[in-house]
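If you use full-length UniProt numbering, the sequence shown corresponds to residues 1 to 884, in order. All C-beta atoms, glycine included, are put in the ideal place defined by N, C-alpha and C. Data first, discussion second: the structure below is written as structure tokens.
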Amino acid sequence: QTDPDGATHQKIYDEQGRLIAEKDPLGAVTEYQYNESGLLTALIPPQDEPTYYSYLDGHVRKIRRGMAQWYYERNAQGDITCQTDPDGHITRYTYNPQGKITLIQHPDDSYHKLVWNTLGQLTGERLPDGNQRHYAYDAQGRKTTQQAPDGAITRYEWDAAGRLSQITLPGGKTRAWSYNAYGKVTAERDERGHITRYEYADHLHLISRRINPDGSQLNYRYDNARLLLTGIENEHNEHYQLDYHPNGLLRQEIGFDGSKTAYAYDLNGHLLEKTEYPDTLSSDTPPLKTAYQRDSAGRLLVKTLPDGSEITYTYDSLGRLTEVDDGKWPLAYEYDLQDRLITEHQGWATLRYRYDALGQLSHCTLPDGNGLDYLYHPGGALKAINLNGQRLTGHRFEHGREIMRQQGSVLSEYHYDEQQRLKEHRVYPLERNGEVTGHYHYRRTYQYDANSNLRLLTDSRKGQKSYVYDPLDRLTEVVGNANNVEHFAHDPAGNLLSQSYNGQGRSYGKIKGNRLLMQGDCHFDYDAYGNLLRERRGAGQRLVRHYHYDSQHRLIGITLPDGSDVAYRYDAFGRRIAKDMDGKTTQFLWQGDRLIAENIYQKGVKGWPLYRSYVYEPGTFKPMALLKGHGTTNEVYYYQLDHLGTPQELTDASGKIVWSAHYRAYGNVIKFDINEISNPLRFQGQYYDEESGLHYNRHRYYNPNTGRYLTPDPIKLAGGLNSYQYVPNPTGWVDPLGLMSVEGGCPAAKEGVASSGAENAALYPKLKDQLVKENLSKIAAHDSRLAAAVNGSGTNNPNFSIGHGTYSEARQLGETWVGDGATKTSDGLGFVSADSTRVYRPPVPKKDSPYAVTGVQANFEKYEINPVTGQRGKVSNGHLNVAD
């Protein structure tokens, strides 16, 4: 097969039509070996360790890769009844006579029970933590109600064509949708009654216009040949342009501000070169080129930066990243048999990890030698964290939500509303025997509007605040105690134009290409790539702050108005590892993308004047404890957070408040009412720099005075249309990585190797596509018929036969095709994968189909998703001829 760019893919088949080898356009060969029954026994990639498959009665009995082995036992129908992982942990499965799974027994003896009706519909679940969910359906098999563990019911309504028309949330609020004749959403009504409308390009069924509730609109353009997005017109009538190579990969993109980035790829579609061009006003500035050298598997080996420096990457025989070296701060990683990170080296420091039978993190040794042990309730909810064998925190959950937390001599009690939003947080002092003493120490209560925006916050220590929003759910007003008022104004593109406090503040700003040029007496200048270069304010703009960047647009220094300088250093993943100012160096250590420790070196002073470690809620960026001091002689302080995970207080082991802050809406600290120790953590993922007032936010720096980032989003459109915006509103959203906003409840934090979002996301339309390809590759390895469904017909015909099989085989192949998390198709007959790119339709009579030789066929369909509009288009349809 030859692609439009000339890339040639070669496949070799044996006499039975089985794929035995394929050569990619760069010459790398993947081999497939089979047994006498035609079952795949080995998948041999070009460089990595092979994967071997052993069978019993035609079903996979053992999978081996490297030193790791997985074992499977099955029933007479071929369903897996027992799975043993490489560490010997066993998971058991039980089925009903219809082949539906009814019980999953986990290695920790917890279990997940599923109840099905006679129509094969899931009607109930008993989760490993003991909670239960219930489901009901109408006569057409469509879900009509879902009951949560706490009894709250969500209701679903469908129109005559089987399309979801309305959801009624617990509490009675509704969200509704309208459709056109082709099943495309034309209007969406939110819980406050605001309507967003959608229009579609003629004959393409792709969104051409989105009309927001305030009347502003976005317009989209596509090419007619490949239906690829080529242009976006924002609310200011500014344009974002995208252009593609013949193979559909992004060739270049030009932002709303005129910035241009171009991409070149190898014949396998892997990025080889990224070129960033200066804007049209800076023609004398040379472009920035980043080059990528890869192995035959497409893994990055060497990244050559625009300044000529190199970063090298090393992998083991299983393709796992083991070393990253930028010549300044080496990184190294070690893994267990199940590819879980067990050792993480960075510079002079090391973190070590252990896991329990369910794969949950059970132990972490911090860089200073302190040990954290994590204990869990059945089902995975955190039960306790021990520090060096002593209790650090204790946790109790109900209906999947934390209801109690013990931190030293205080007990937090949490209450939630019917939509599982935090409603109240009470903090009680504890006696030495662990009993609650009398009245709560202090409390916070939260009330929300119909769209789940925070409406009222009442704090027994700090007073009350009310919040007002516009039709786009953007914050417009905050009214606090003593009539302290904040006002905000936004332009249609979501730029924060002004924010005032008690009538004083900056006037409306001047915006172009989403760059803030002026606000009040502040003037902002940018470099050729959109990075904030200079901030001028005061009379005659005499107070000037200069920002300095490296070739990767990372802030490496600031010259303050008084002439003093501060310098910043980073590792190969862009994590800040040091800050230098006035003879003092602050060094930072990381656990994946989370700051885990910091220490200060003072010139001429021995030892560490300050060493701090941070402990987080597992899997989040929400801090729980601060350990002050190096080694086991540390002092422990506990974070008390608001609904967003922002620190409001720090308490010591006795329960005394030692730090407490009052914030403005966008993160500025108005005052500290208690400030006995320092705490630099702010919004999730943010670290306050005292010297500049900025918040370091992993991939970028955030300025709470403007509510914006200093530099454009490194992942471009994948982070949103406005590349400088922090979040849609600061009372319900956070951005822990400085890449994209997420709702503030509980964003995931990856323990382990740091994210390289700034680099990997440069190919916006390619990101999910690459993940899909990797998933398809794994699916293809299971069976030659699935490989045929993945690889296509080799012609322009999207419909083709992939072979023959029995009903039982069709079901097993279908389950593999759609994978975990699959849901039913709208007609209730088939199943769609969690990422919506694969559909399996069970065997049905199709006597008139030229591909149904037996008269009955099952379908294995592939789809592509437009990354901006979310529209899905069918790519291929493989037919399996089915007969007993």
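Considering only the alpha carbon of each residue, which of the options lies closest to residue i?
i: P4; options: K113, H245 and Y726; result: H245
i: H106; options: N96, T123, D129 and Q121; result: D129
i: L378; options: R594, D24 and R126; result: It should be noted that the sequence gives Pro, not Leu, for residue 378. For the residues R594, D24 and R126, the minimum Cα distance to P378 belongs to R126.
i: N531; options: Q420, F621, F683 and D257; result: D257
i: V566; options: G805, A572 and R545; result: R545
i: L164; options: G171, G151, L114 and N180; result: N180
i: A68; options: C82, W817, D79 and E49; result: E49
i: Y863; options: T806, N791 and R74; result: N791
i: R320; options: L337, Q360, P306 and L305; result: L337
i: N877; options: F800, P843 and N679; result: F800
i: D87; options: S741, Y355 and R461; result: Y355
i: Q132; options: E691, G151, G685 and L242; result: G151
i: L387; options: L300, M624, E334 and T586; result: M624
i: P170; options: N484, N451, D307 and K462; result: N451
i: H59; options: A384, I403, P45 and T81; result: T81
i: A883; options: V875, E861 and V856; result: V856
i: G685; options: N502, D735 and I802; result: D735
i: L717; options: H203, H239 and Q98; result: H239
i: Q147; options: T304, D550 and E418; result: E418
i: A384; options: R405, G371 and Y34; result: R405
Identify every residue that forms a DSSP beta bridge with residue i.
i: H490; result: L496
i: A384; result: L375 and G394
i: A349; result: Q346
i: L610; result: I600
i: I104; result: Y93 and H112
i: Q33; result: A42
i: Y724; result: For Y724, which the question treats as bridged, DSSP gives no partner whatsoever.
i: N703; result: R708
i: K622; result: Answer is none; K622 lacks a bridge partner.
i: residue 885; result: The question about residue 885 has no answer, for the chain in this structure spans 1 to 884.
i: S660; result: E649 and I674
i: I715; result: Bridge partners of I715: none, in fact.
i: V403; result: As written in the sequence, residue 403 is Ile, which differs from the Val given in the question. Answer by DSSP bridge pairing: none, since I403 is not bridged.
One question on the structure: do residue i and residue j come within less than 8 Å of each other, judged by their Cβ atoms?
i: I670; j: S660; result: no
i: R700; j: G738; result: yes
i: D368; j: N729; result: no
i: Y55; j: L43; result: no
i: A357; j: D108; result: yes
i: R61; j: Y72; result: yes
i: L454; j: G732; result: yes
i: L880; j: R785; result: yes
i: Y637; j: V615; result: no
i: H236; j: P213; result: no
i: Y135; j: G120; result: no
i: T365; j: L375; result: no
i: A297; j: E273; result: no
i: L555; j: T706; result: no
i: Y182; j: H205; result: yes
i: S412; j: H425; result: yes
i: S208; j: P492; result: no
i: N495; j: S723; result: no
i: T174; j: E191; result: yes
i: I101; j: L122; result: no
i: L103; j: T91; result: no
Of all Cβ atoms in chain D, is any one closer than 8 Å to the Cβ of residue i?
i: H441; result: Among the chains of the structure shown, chain D does not appear; only one protein chain is present.
Quick one: is the Cβ of residue i within less than 7 Å of any heavy atom of the ligand COA?
i: W116; result: Of the ligands one can find in the structure shown there are none, so the ligand COA has no counterpart to examine.
Checklist entry - Which whole runs of the beta strand (DSSP E) in the region 122-185 are 3 residues long or more, in chain order? => result Scanning the region 122-185 for uninterrupted beta strand (DSSP E) segments of 3 residues or longer gives 122-126, 132-137, 143-147, 153-158, 164-168 and 174-179, listed from N- to C-terminal end.
Item to check | Touch test, the region 628-637 against the region 441-449, Cβ-Cβ under 8 Å, three pairs minimum | outcome: A contact is defined here as three or more CB-CB pairs under 8 Å, and the region 628-637 fails this definition with respect to the region 441-449.
Next on the checklist: Across the region 540-553 and the region 656-673, are there enough close Cβ pairs to call them in contact, namely three or more that are closer than 8 Å?
Outcome noted: no
Item to check | Stretch-stretch touch, CB-based, cutoff 8 Å, three pairs: the region 392-401 with the region 135-142 | outcome: no
Checklist entry - On the three-pair Cβ rule with 8 Å, is the region 295-312 touching the region 325-342? => result yes
Checklist entry - Counting Cβ pairs closer than 8 Å, one from the region 585-595 and one from the region 564-577, do we hit at least three? => result Contact annotation: the region 585-595 touches the region 564-577, with at least three C-beta pairs closer than 8 Å.
Next on the checklist: If we require 3 or more residues per run, which beta strand (DSSP E) segments fall completely within the region 187-271?
Outcome noted: You should have 195-200, 207-211, 217-222, 229-233, 239-244, 250-254 and 260-265.
Checklist entry - Quick check: the region 264-281 against the region 3-20, are there 3 or more CB pairs under 8 Å? => result Segments in contact, yes.
Checklist entry - Considering only residues of the region 532-579, which uninterrupted alpha helix (DSSP H) runs meet the minimum length of 4 residues and lie entirely inside it, listed in chain order? => result Here no run is fully enclosed.
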